[in-house]
Amino acid sequence: MARPNDEVEALLREYADLIAITGKGAFKQRAYERAARAIGGHPADVATLDSKSLREIPGVGSSIADKVEEYLRTGRVAAVEETRASIPPGVRALLDVPTLGPKKAMTLYRELGVSSVDELAAALREDRLAELKGFGPKARENIEHGLAVLRQSGGRIGLDTALGVAEETVARLGEAAGCVRCAYAGSVRRMKETIGDIDVLAAADDPEPVMAAFCALPLVAEVVLRGRKKTTVRTVDGLQMDLRVLAEDSWGAGMIYFTGSKAHNIRIREIAVRKKLKLSEYGLFDAKTGRKRAARTEEEVYRRLGLPWIPPTLREDRGEVAAAQRDALPRLVTVDDLRGDLHSHTDLTDGIAPLTEMVAAAARRGYHYYAVTDHAPELRMQRMTLDKARAQREQLRQLAGEHGRLKLLHGTELNIDPEGNVDWPAEVLAEFELCVASIHSHFELDRDAQTRRLIRACENPHVNIIGHPTTRKFGRRNGIDADLDAVFAACARTGTALEINSHPNRLDLNDEHILRAREHGVRFSIDSDAHAPTHLGHVRFGVAQAQRGWLGPDDVINTWPLTRLRRFLRKTGAR
DNA sequence: GCCGTTTTCGGCCCGACTGTTTTCAGTCG
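Heads up: the first sequence is residues 58 to 632, going by my numbering.
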């Protein structure tokens with residue numbers, strides 16, 4: 058299913074959590090977390106590494122390497138199994154509730170026997186937390202709010218996870234006997250930021266072997282229902298997945314129908330009705346005679362409706378059908394349009410890979426330019442200093458020219474303080490080729506304060522990009538409360554770009570914000586915010602959100618040639 | 001548990017915020 062590195066990362070993270078909950082040493086816990094991150098972000102497949110190379114991964118010593126090897130060999134690790142036996146899995150799930158950490162989770166389990174999020178909600182309702190030490194009224198209120206945030210994302214999973222499952226399933230079913238075509242549809246194909254369930258389509262004359270292959274997939278935990286045309290399963294992640302099998306000659310109509318969105322489908326069916334046609338998942342038919350007019354491909358069905366093909370990321374009934382009728386669909390930005398990445402980290406701060414590895418990974422992507430933007434000193438835990446930043450700049454200079462056309466830019470990710478000020482005085486900021494500025498704390502300030510703060514950051518002549526502008530994280534916190542339209546206007550006025558942060562847990566700005574910001578004439582930067590070489594590929598998620606926000610290449614500064622980008626970074630020609 | 005221009009022991013990312021335990025533990029980034 059997942060790549061072995063991801064499985065190992067998940068296992069080590071789980072073990073780290075269990076160590077924290079059982080109170081077996083903060084340093085041991087951190088060692089496991091560090092190793093988990095290092096392996097998750099390691100470019101080589103751990104399953105192919107020999108013992109020596111495994112131990113060369115920073116943070117992986119002999120104890121952890123042994124466990125990794127045990128896992129790769131047997132699929133389990135005795136030490137982890139033992140700890141699991143003493144702590145029910147639901148206790149670990151309590152850590153997903155914001156404001157609940159390992160200590161409080163353990164107290165809840167030990168004192169009240171709470172061993173799941175549901176039991177926590179029940180205990181809260183029955184006011185059983187009041188008797189516990191360390192759970193005063195405010196703490197209980199915070200937990201209640203935390204549960205609400207968790208519930209909002211509840212049942213939905215990240216686009217990255219869903220895409221992984223969908224792609225894996227399509228690859229496997231494509232090999233099933235008699236399967237002519239296979240593809241995923243639904244919200245995964247529309248690249249929505251979170252996914253409720255996965256829809257997979259297959260074309261086959263005989264559905265039976267495909268259905269059987271589907272039910273036999275290793276990631277299937279339970280077959281919920283099974284019929285001739287449709288089968289529903291639940292995956293090991295608790296995700297619902299539907300497979301529909303149809304005849305090859307209605308493939309296009311089926312793809313349109315199951316890609317949705319529902320609102321988009323209603324819109325195009327209205328057009329069909331006006332043309333005395335009837336559109337279903339089986340095809341586009343003459344309403345009177347029932348004769349099939351189109352069905353084989355999406356293009357053919359749209360064409361018969363008098364429309365050009367509409368990209369799935371636009372199919373949300375946000376005016377795309379009307380635009381298609383006017384032949385005014387935007388030319389959407391694609392991953393191939395990106396000439397560089399303007400927000401990334403190295404192990405000088407909280408990345409896991411050294412500068413040389415990050416740069417090499419950027420070069421492999423064929424970029425024309427690449428900005429290294431490690432954290433600035435105000436984010437204290439990263440221990441950045443001006444000396445370190447300058448040394449990094451020198452190191453970057455020495456790497457210049459080592460990767461063909463790739464131009465390296467030295468930047469930094471500044472911290473926006475509650476007043477909207479950033480690290481370092483202007484003369485120091487001027488040394489950097491670009492500055493990203495982001496909020497990392499004080500998420501609870503009121504709307505006016507947050508708005509002022511962001512606008513002030515935009516007005517700083519050295520701030521080029523506002524990083525992850527709302528700071529939301531799925532399942533962790535909602536974005537800050539700010540008058541975003543005022544912020545968008547300030548960005549347009551000052552020539553400050555807004556980031557579309559591509560990390561699948563962030564996707565910030567989101568599609569609706571992008572649409573609104575675009576109306577203000579804002580420019581965008583689609584960045585990975587990579588903390589490891591493998592993260593550079595996250596831009597596919599950011600690009601998808603940009604498409605959902607109707608952006609073309611011209612709206613996105615990191616599709617521009619370097620000379621044009623540099624002009625923008627000087628912040629003189631705000632439009 | 002990892003690691004080493006502090007090198008096989010003794011450190012380890014640091015500081016702010018918050019609520020409540022009135023002197024600090026827990027959580028977060």
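C-beta: ideal position from N, C-alpha, C; glycine also.
A quick note: this is a predicted structure, and the numbers were derived from the prediction, not measured.
In whole angstroms, give me the CA-to-CA distance for residue i and residue j.
i, j, result
"Ile313", "Glu232", "23 Å"
"Thr79", "Glu66", "20 Å"
"Phe271", "Thr403", "41 Å"
"Ala603", "Ile571", "7 Å"
"Arg285", "Arg238", "17 Å"
"Gly132", "Val125", "10 Å"
"Arg326", "Phe598", "30 Å"
"Arg580", "Gly477", "21 Å"
"Glu138", "Ile144", "10 Å"
"Thr469", "His432", "6 Å"
"Glu357", "Val330", "17 Å"
"Thr370", "Arg324", "16 Å"
"Ile367", "Met163", "52 Å"
"Ile214", "Lys530", "12 Å"
Could you name the residues of the same chain whose beta carbon sits closer than 6 Å to that of residue i, not counting the 5 residues immediately before and after it, in chain order?
i, result
"Arg632", "A caution first: Arg632 carries a pLDDT of 40, below 50, which makes its placement in the model too unreliable to give a value."
"His519", "Leu486 and Cys492"
"Thr226", "Val257"
"Gly116", "Arg91, Ala92 and Ala95"
"Ala122", "Leu111 and Arg112"
"Cys548", "Cys515, Leu555 and Val579"
"Thr140", "Leu75"
"Ala223", "Tyr241, Val245 and Ile255"
Tell me which residue opens and which closes the beta strand (DSSP E) that residue i is part of.
i, result
"Tyr241", "Arg238 to Ala242"
"Glu556", "Ala554 to Asn558"
"Ala428", "Tyr426 to His432"
"Leu491", "Leu491 to Ser495"
"Ile583", "Phe581 to Asp584"
Excluding five sequence neighbours on each side, which residues of the same chain lie with their C-beta closer than 7 Å to the C-beta of residue i?
i, result
"His560", "Asp586 and His595"
"Val277", "Val290 and Thr292"
"Glu168", "Leu189"
"Ala73", "Gln86, Tyr89, Glu90 and Ala93"
"Arg372", "Arg247, Thr316, Gly317, Ser318 and His321"
"Asn62", "Ile96, Gly97, His99, Asp102 and Val103"
"His499", "Pro475"
"Asp306", "Ala352 and Arg353"
"Phe192", "Leu186"
"Thr620", "none"
"Val148", "Ile78, Ala162, Tyr166 and Ser172"
In the DSSP assignment, find the unbroken alpha helix (DSSP H) run with residue i in it and report its ends.
i, result
"Thr551", "Leu541 to Thr551"
"Ala506", "Arg504 to Glu516"
"Ile121", "Ser119 to Thr131"
"Asp107", "Taken as a continuous stretch (DSSP letters only), Asp107 belongs to no alpha helix (DSSP H), as it is neither H nor E."
"Asp568", "Asp568 to Glu576"
"Lys628", "Segment: none, Lys628 is in no alpha helix (DSSP H) and carries neither H nor E."
"Pro618", "Segment: none, Pro618 is in no alpha helix (DSSP H) and carries neither H nor E."
"Val134", "Val134 -> no alpha helix (DSSP H), and no H or E assigned at all."
"Ala587", "No alpha helix (DSSP H) holds Ala587; DSSP gives it neither H nor E."
"Glu501", "Here Glu501 belongs to no alpha helix (DSSP H), and DSSP marks it neither H nor E."
"Phe531", "Here Phe531 belongs to no alpha helix (DSSP H), and DSSP marks it neither H nor E."
Looking only at its own chain, which residues have a Cβ that is under 8 Å from the Cβ of residue i, when we skip the five neighbours before and after it?
i, result
"Arg348", "Phe342"
"Val647", "For the chain, the structure presents residues 58 to 632; residue 647 sits outside this window and is missing."
"Ser119", "Arg112"
"Arg70", "Tyr89, Glu90 and Ala93"
"Arg534", "Pro155, Val206, Phe500 and Thr528"
Would you say the beta carbon of residue i comes nearer than 6 Å to a heavy atom of the ligand MN?
i, result
"Asn535", "Inclusion of the ligand MN in the displayed structure is not the case, the ligand content being empty and no account of it being possible."
Checklist entry - Any chance the region 502-509 sits against the region 483-491, with 3 or more Cβ pairs inside 8 Å? => result Counting Cβ pairs under 8 Å, fewer than three are found: no touch.
Checklist entry - Which runs of the beta strand (DSSP E), 3 residues or longer, sit entirely within the region 286-354? => result Restricting attention to beta strand (DSSP E) runs no shorter than 3 residues, the region 286-354 encloses them at 287-292, 297-303, 334-337, 340-343 and 349-351, ordered along the chain.
Item to check | Segments assigned beta strand (DSSP E), at least 3 residues, entirely inside the region 438-484 | outcome: The region 438-484 contains these whole beta strand (DSSP E) runs: 464-472.
Checklist entry - At what residue ranges does the region 220-288 contain a whole run of the beta strand (DSSP E), taking only runs of 3 or more? => result Within the region 220-288, the complete beta strand (DSSP E) runs of at least 3 residues are 238-242, 254-260 and 277-283.
Checklist entry - Taking contact to mean at least 3 C-beta pairs separated by less than 8 Å, is the region 387-407 in contact with the region 328-344? => result By the criterion of at least three beta-carbon pairs nearer than 8 Å, the region 387-407 is not in contact with the region 328-344.
Item to check | Any 3 or more C-beta pairs closer than 8 Å across the region 572-579 and the region 404-422 | outcome: Result no; under three Cβ-Cβ pairs closer than 8 Å.
Next on the checklist: Pairs of beta-carbons, one from the region 247-258 and one from the region 298-316, closer than 8 Å: are there three or more?
Outcome noted: By the Cβ criterion, the region 247-258 is in contact with the region 298-316, since at least three pairs of Cβ atoms, one from each stretch, lie closer than 8 Å.
Checklist entry - Are the region 168-188 and the region 203-218 touching by the rule of at least three beta carbon pairs closer than 8 Å? => result At 8 Å Cβ cutoff, the stretches touch.
Next on the checklist: Quick check for students: name the residue ranges of the alpha helix (DSSP H) that lie wholly in the region 141-199, counting only runs of 4 or more.
Outcome noted: If one requires a minimum length of 4 residues, the alpha helix (DSSP H) runs lying completely within the region 141-199 are 146-150, 159-169 and 174-182, in chain order.
Checklist entry - What are the start and end residues of each continuous beta strand (DSSP E) run of 3 or more residues lying completely inside the region 357-415, in chain order? => result If we require 3 residues or more, the region 357-415 turns out to have no beta strand (DSSP E) run fully inside it.
Checklist entry - Should the region 415-429 be called in touch with the region 460-476, which here means at least 3 C-beta pairs below 8 Å? => result Contact between the region 415-429 and the region 460-476 is present: three or more C-beta pairs spanning the two stretches fall below 8 Å.
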